[in-house]
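Chains as they are written, first to last, in the working numbering: chain A, 53 to 143; chain B, 337 to 789.
For each residue, glycine too, the CB sits at the ideal point set by N, CA and C.
Treat the numbers as computed from the prediction; the structure is a model and nothing was measured.
What follows is a single structure, written as structure tokens, with notes after it.
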């Protein structure tokens, strides 16, 4: 994979420790956060991060660990390659 | 340029809540180098070529879908029209070829393989005749093989001998799969002016103008368009068109990105993006509901054709702006059994077969997935096909017929096909006979529009 940037989105009921848990997983997998924004939308915690993945060949492990956080904290966590967003909205 | 919060949100909403998906990646494979005088040798070559070319198709598509977080629902293969491989074959060989294709589809784990097809719009070759003879058995003995026949074009007119035969073939295929509600007919479509790069089944085949191996992509998002329109309840029709256009643009961009990525990883060239609003039985994934959102109380009422024309055109405009390689059948599909809104329209008696025929003048395909009463005569089905071919021929557009006579069912009954194919209320054909018209045979000459050189 030549491009390594992805968008991680986290949506769910607000609670203590969401950012801590998610960013810990990212840090442990050598994923660098380039940009982060977070807000409460209609009572839902909503966070978007632009990240740089340094070990793109080991995405499965990262996805699996994010899944664990996702199920223990009842959050919806998605990771998608950045180009998708760029191509849909920018000419 | 950094991404805006709203853009990220919009994309995620479109995919997760509004059912935006890449409906299909379809690998087109030329099989012309597999032709051999010995039919069993041809079958072996065909199997080898398909399974080697598409070996990584499914795996690669799944991987790309996961990375980009956008589902690729179907993985499919289309091949050179099989009749070209059958010049020296018998009917039994042709059925065996269909079974070979089925096996190849199973081995490569694709959902469907299309191209058990013949192009007979001007006349019938030996291979075409063999294929036509074998069609009913081939479709009923296999589960993943789809077939199509081109029976008319604007340039050549309508092959009425062929259409007479097709009525009989559809009847026979329905009878052979009577226990499964005539499911074989759901895998077969008759075309006027077929598109050679169409990635959607049952009409996909790898046309003669295509390259060796190519990857075509079909994207669909009726749900996304519906939700977009719901945000503008007061918009006038010019603005409605604009909303659809903008939405189609974004959907197309996503599709082309994914298509190119899959093609690159498979080391094949990217063919076309087919942007079609193709419904599914999922909630809010209906073309009919878009028409109703535009302002019709129920699809089929007065104004339906105008609304459909507006939508179809706006989809094409948005798609054409977003990608230079838009092809296939891009526009709106109006299959009955796969669209909850269409089913409701028929149940409420707002939508009739005649209105559906009229709608095909402005939609991207034609009469699609319509269940007919089981006692419909072959001549009446041929008549229905001939009407649809005439609409396509005169209007220089693609039209198609995919109808399913269901044995033992009568008008008003509901038929379940299961899975992607959905369910459909049975529609009755006109009780008056078309027998004499169909029996005349011959070819309806090409219209004046053919002389445009």
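Taking Cβ-Cβ distances shorter than 8 Å, what residues in chain B pair up with residue i?
i: residue 139 of chain A; result: 589, 590, 592, 593
i: residue 89 of chain A; result: 341
i: residue 131 of chain A; result: 405
Where DSSP assigns a beta bridge to residue i, which residues make up the other side?
i: residue 84 of chain A; result: A:104
i: residue 704 of chain B; result: B:738
i: residue 549 of chain B; result: B:365
i: residue 528 of chain B; result: B:488, B:735
i: residue 555 of chain B; result: B:358, B:611
i: residue 353 of chain B; result: Its beta-bridge partners do not exist; DSSP assigns none.
i: residue 495 of chain B; result: B:779
i: residue 144 of chain A; result: Residue 144 of chain A cannot be examined here, being either before or after the span of chain A that is shown, 53 to 143.
i: residue 113 of chain A; result: BP columns for residue 113 of chain A are empty, so no partner.
i: residue 127 of chain A; result: A:64
i: residue 790 of chain B; result: Within the shown structure, residues of chain B are numbered from 337 to 789, placing residue 790 of chain B beyond reach of any answer.
From the beta carbon of residue i, is the nearest beta carbon of chain B less than 8 Å away?
i: residue 102 of chain A; result: yes
i: residue 109 of chain A; result: no
i: residue 123 of chain A; result: no
i: residue 70 of chain A; result: no
Inspect the beta-carbon positions of residue i and residue j and report whether they are closer than 8 Å.
i: residue 785 of chain B; j: residue 733 of chain B; result: no
i: residue 613 of chain B; j: residue 662 of chain B; result: no
i: residue 486 of chain B; j: residue 455 of chain B; result: yes
i: residue 132 of chain A; j: residue 405 of chain B; result: yes
i: residue 736 of chain B; j: residue 598 of chain B; result: no
i: residue 629 of chain B; j: residue 573 of chain B; result: no
i: residue 712 of chain B; j: residue 678 of chain B; result: no
i: residue 672 of chain B; j: residue 359 of chain B; result: no
i: residue 610 of chain B; j: residue 664 of chain B; result: yes
i: residue 386 of chain B; j: residue 413 of chain B; result: yes
i: residue 615 of chain B; j: residue 674 of chain B; result: yes
i: residue 424 of chain B; j: residue 373 of chain B; result: yes
i: residue 560 of chain B; j: residue 644 of chain B; result: no
i: residue 363 of chain B; j: residue 553 of chain B; result: no
i: residue 382 of chain B; j: residue 367 of chain B; result: yes
i: residue 777 of chain B; j: residue 350 of chain B; result: no
i: residue 421 of chain B; j: residue 378 of chain B; result: yes
i: residue 706 of chain B; j: residue 506 of chain B; result: no
i: residue 490 of chain B; j: residue 657 of chain B; result: no
i: residue 482 of chain B; j: residue 540 of chain B; result: yes
i: residue 477 of chain B; j: residue 431 of chain B; result: yes
i: residue 670 of chain B; j: residue 647 of chain B; result: no
i: residue 59 of chain A; j: residue 339 of chain B; result: yes
i: residue 77 of chain A; j: residue 117 of chain A; result: yes
i: residue 390 of chain B; j: residue 361 of chain B; result: no
Consider the Cβ of residue i: report whether some Cβ of chain A lies at a distance smaller than 8 Å.
i: residue 406 of chain B; result: yes
i: residue 355 of chain B; result: no
i: residue 586 of chain B; result: yes
Taking 7 Å as the cut-off, is the CB of residue i close to at least one heavy atom of the ligand MN?
i: residue 632 of chain B; result: Absence of the ligand MN is noted for the structure shown, with no ligands found whatsoever.
What does residue i touch in chain B if you count any residue whose Cβ is under 9 Å from its own?
i: residue 135 of chain A; result: 404, 593, 597
i: residue 59 of chain A; result: 339, 344, 347, 348, 405
Residues of chain A with CB closer than 7 Å to the CB of residue i, please, in chain order.
i: residue 347 of chain B; result: 136, 137, 140
- [ ] Kindly provide the ranges of any alpha helix (DSSP H) runs that are 4 or more residues long and lie completely inside the segment 409 to 485 of chain B, ordered along the chain.
- [x] Within the segment 409 to 485 of chain B, the complete alpha helix (DSSP H) runs of at least 4 residues are 427 to 443, 462 to 477.
- [ ] Can you check the segment 599 to 638 of chain B for any alpha helix (DSSP H) of at least 4 residues that lies completely inside it and give the ranges in chain order?
- [x] For the segment 599 to 638 of chain B, whole alpha helix (DSSP H) runs of length 4 or above, ordered along the chain, are 623 to 630.
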